[in-house]
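Asks: Residue numbers (our numbering), protein chains in the order written: chain F, 52 to 353; chain V, -14 to 372.
Sharing a structure, written as structure tokens. Questions coming.
Here you go:
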């Protein structure tokens, strides 16, 4: 388990990170969500140790991270980069060797991973000769070639074609199922929503929400309910504590607390048949919007 | 836990060797490097062989002009004055015609006058004979004697002036070309890693110092390899054209040059890499590399154009930037005491250590800063200490 505790960092007068704390649990995919300049990349670089924190600690399994442990992490930077003029397999093998694998072992790993990503035929081509999509797959491979103890990817899905998104999602799940914690940032909230076990939301250098995806969904918006009944539901507007969002004949979407929702349900049952009644979880995008707006309101108030 | 059985990361030194290996491979496999090296070696070879062919061989005759040519050469051969008592030491030689001389004084005066190419006179040494020449001994003659004879050069100074500037220029040019060439290579490779962002991945695997060390090591090996190849081709050229006697004069300075070059290039490579790490794009390298280029070029011009000024040359031979050229030149001129190259080498090595340490600091702090040019005071200032 990777823990970030109270990490702060300034660049000159600008405070890029302010008391950032969250955890990435073993075997789970953690999505790291935030706007541009929110502090995602700075956080990742501090975890990676290429940037130092002004305050706070990063620990793995409760211990400070030794330099030699950090070198076993896997990292995919947001700005993609490998040697354009180096052959694909050779490049991956080189990276594996830098991580401590013997030459033959490193080469075997590189080729196995390329096969997994469907790049066997391009293994001995120069990177620059590959299509953009294949270059991006290679980039993912570069972060994985040494079976990292902790995997961190900055915007792994940006610019990927749908096929590559599928492949990369599969590979990330595999990595998590090996037992390593996986942290990735993304602007694509639908992908995060589909893939992540845990979500961390950062805004203006501060963590504004963190936790299991379902918990966040429950915590960050008033519960919503969908109800479908045989009779007209116009009367629901009159129930105290209910805010109707949509209403069309026998179908309604409303916000209320759970007790009130049960009152609406029994009211509907007393008026006729109820065909459907279910809580509706807000989408991550909505939580994100709400959290960011709250944050901005707090800032304005301060 | 499961899946955490990653291999142990290599030590910084081993990682640096892998980085160096990649740098060397990338260069050696590039067509432009192979072709430019081949051209360079051919130019060096041609520079030695062609003038010697045009002048009909270095052994063609004495320096004198005018009518003397007819008297001292027969066809393409040479004329040698021989004192009678050592006449028997010399077999009949093709291309060498012998002219009897009454005694040593007679033979000597003929050499001085330029009527003969050389004189063979009695000597107390193991060979029993000595060759007296104006400038350089003809190889036919030296080779014909079973025991190497003593050689007396009557007029070394005049020949030296020309050779002196050629040797100075040679050392200077080789140093300048290798420094500029491989300096640019390491600068380019630094910026390309930054521009393509591969440096972020590399730094997640290797400490910045290991990465920089590997780049310096790799490029130094390449530069040294090319310089050694140039030296080897120069030796080959001299032997092929029968000018191998020059070797005895430049051999030791050349060996020293290679040693100085090895240390001096490390210093330069570190500066080139650090300067290049300040910018994020190849297009921006010009302004940051310029000060480094001056540091390479100014000492070169000082040495080449100031080689007649002994004081300047002595000072230059202790300044780390110019020592790799100035000290071998002084050695060649025979002006340096035996301990001087060692002292200068210590100064150079100390300078290199300081520069490499500074360069590592600059590199470490600027290589991940993308975008606008990073200014030196930002990375060497006090605030930078936390980066």
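Note that the Cβ used here is the ideal one computed from N, Cα and C, for glycine as well.
State the Cα-Cα distance for the pair residue 378 of chain F and residue 264 of chain V, rounded to the nearest angstrom.
Replies: Shown here, chain F extends from 52 to 353; a query on residue 378 of chain F therefore has no answer.
Asks: Could you run through the stretch 142 to 153 of chain F and flag, in chain order, every residue whose CB is less than 7 Å away from some CB of chain V?
Replies: Per Cβ criterion, the list reads 145, 146, 148, 149, 150, 151, 152.
Asks: Against residue 135 of chain F, what residues of chain V qualify as contacts under a CB-to-CB distance less than 7 Å, listed in chain order?
Replies: By Cβ distance, chain V contributes 181.
Asks: From residue 60 of chain V to residue 80 of chain V, what distance separates their C-alpha atoms?
Replies: Any reading at residue 60 of chain V needs caution, since the residue's pLDDT is 48, under 50, leaving its predicted position unreliable; the model's value is listed next. Cα-Cα distance, rounded: 8 Å.
Asks: Give me the residue from F:179, F:311, F:135, F:191 with the minimum Cα distance to residue 161 of chain F.
Replies: Ranking the options by Cα distance to residue 161 of chain F, first place goes to F:191.
Asks: On the CB-based measure, 16 or more other CB atoms within 10 Å of its CB, does residue 21 of chain V come out buried or exposed?
Replies: Result: exposed.
Asks: What residue range does the beta strand (DSSP E) around residue 16 of chain V cover?
Replies: Looking at the DSSP string, residue 16 of chain V is not in any beta strand (DSSP E); the run it does join, the alpha helix (DSSP H), is 16 to 39.
Asks: Excluding sequence positions up to five away, which residues of its chain have a Cβ less than 6 Å from the Cβ of residue 354 of chain F?
Replies: What is shown of chain F runs 52 to 353, which leaves residue 354 of chain F out entirely.
Asks: Nearest chain F C-beta to residue 186 of chain V closer than 8 Å, yes or no?
Replies: So, interface residue.
Asks: Where does residue 286 of chain V sit, in a helix, a strand or coil, going by DSSP?
Replies: It is helical.
Asks: Less than 8 Å between CB atoms is the rule here; does residue 190 of chain V satisfy it with respect to chain F?
Replies: Chain F contact via Cβ: present.
Asks: Near residue 271 of chain F, what residues of its chain come up, given a Cβ to Cβ distance below 8 Å and the 5 sequence neighbours on each side ignored?
Replies: For residue 271 of chain F, where only same-chain residues beyond five positions count, the Cβ hits under 8 Å are 260, 333, 338, 341, 342.
Asks: Does the distance from the CB of residue 251 of chain V to the CB of residue 157 of chain V come in under 8 Å?
Replies: For residue 251 of chain V and residue 157 of chain V, no; Cβs fall outside 8 Å.
Asks: Kindly list, in the order they appear in chain F, the residues whose Cβ is closer than 7 Å to that of residue 353 of chain V.
Replies: The contacting residues are 101.
Asks: Nearest chain V C-beta to residue 88 of chain F closer than 8 Å, yes or no?
Replies: Output row for residue 88 of chain F: interface = no.
Asks: Which of helix, strand or coil does DSSP assign to residue 258 of chain F?
Replies: Residue 258 of chain F falls in the strand class under three-state DSSP.
Asks: Skipping 5 residues on each side, what residues in its chain have a beta carbon closer than 8 Å to that of residue 209 of chain F?
Replies: 129, 237, 238, 239.
Asks: Quick check on DSSP: helix, strand or coil for residue 385 of chain V?
Replies: Residue numbering for chain V in the displayed model covers -14 to 372; residue 385 of chain V lies beyond these limits and cannot be assessed.
Asks: Measuring only between beta-carbons, confirm whether residue 126 of chain F sits less than 8 Å from chain V.
Replies: It does; some Cβ of chain V falls within 8 Å.
Asks: Any beta-carbon of chain F closer than 8 Å to the one on residue 5 of chain V?
Replies: It does not; no Cβ of chain F falls within 8 Å.
Asks: May I ask which residues mark the beginning and end of the beta strand (DSSP E) holding residue 288 of chain F?
Replies: Where residue 288 of chain F is concerned, there is no enclosing beta strand (DSSP E), given that its DSSP letter is neither H nor E.
Asks: Quick one: what's residue 354 of chain F bridged to in DSSP?
Replies: Residue coverage of chain F in this structure runs from 52 to 353, which leaves residue 354 of chain F outside it and unanswerable.
Asks: Nearest chain F C-beta to residue -5 of chain V closer than 8 Å, yes or no?
Replies: Yes, residue -5 of chain V lies at the interface with chain F (some Cβ there is under 8 Å from its Cβ).
Asks: Helix, strand or coil: how does DSSP classify residue 274 of chain V here?
Replies: Residue 274 of chain V falls in the helix class under three-state DSSP.
Asks: Just checking my contact of residue 303 of chain V with residue 262 of chain V at CB under 8 Å: how many whole Å lie between their CB atoms?
Replies: Their Cβ separation, rounded to whole angstroms, is 29 Å, which puts residue 303 of chain V and residue 262 of chain V out of contact at 8 Å.
Asks: Against residue 236 of chain F, what residues of chain V qualify as contacts under a CB-to-CB distance less than 7 Å, listed in chain order?
Replies: Going along chain V, no residue has its Cβ under 7 Å from residue 236 of chain F, so there is no contact; the nearest lies around 14 Å.
Asks: Going by beta-carbon coordinates alone, are residue 99 of chain F and residue 121 of chain F separated by less than 8 Å?
Replies: Yes.
Asks: Counting C-beta neighbours from all protein chains within 10 Å, is the total for residue 64 of chain F 16 or more, i.e. buried, or is it exposed?
Replies: Exposed, because fewer than 16 other Cβ atoms sit within 10 Å of the Cβ of residue 64 of chain F.
Asks: Secondary structure at residue 197 of chain V, three-state DSSP: helix, strand or coil?
Replies: Three-state DSSP puts residue 197 of chain V in a helix.
Asks: Between which two residues does the beta strand (DSSP E) carrying residue 276 of chain F extend?
Replies: Per DSSP, residue 276 of chain F belongs to the beta strand (DSSP E) from 275 to 280.
Asks: Nearest to residue 205 of chain V by alpha carbon, out of V:164, V:154, V:194, V:291?
Replies: Comparing Cα-Cα distances from residue 205 of chain V to each of V:164, V:154, V:194, V:291, the minimum goes to V:164.
Asks: Expressed to the nearest angstrom, what Euclidean distance is found between the alpha-carbon atoms of residue 61 of chain F and residue 2 of chain V?
Replies: Going by the C-alpha atoms only, they are around 35 Å apart.
Asks: Identify which residue in F:177, F:78, F:262, F:76 has its Cα closest to the Cα of residue 335 of chain F.
Replies: Of the candidates F:177, F:78, F:262, F:76, the one whose C-alpha sits nearest the C-alpha of residue 335 of chain F is F:262.
Asks: Between the stretch 244 to 255 of chain F and the stretch 68 to 84 of chain F, are three or more C-beta pairs nearer than 8 Å?
Replies: Touching, per the Cβ criterion.
Asks: Can you give the beta carbon distance from residue 238 of chain V to residue 313 of chain V, rounded, assuming they're within the 8 Å contact cut?
Replies: About 4 Å; that satisfies the 8 Å criterion.
Asks: Output the distance between the C-alpha atoms of residue 54 of chain V and residue 119 of chain V, rounded to the nearest integer angstrom.
Replies: Interpretation of residue 54 of chain V is limited by its pLDDT of 38, a score under 50 that renders its predicted location unreliable; the figure taken from the coordinates is listed afterwards. Cα to Cα, residue 54 of chain V sits roughly 15 Å from residue 119 of chain V.
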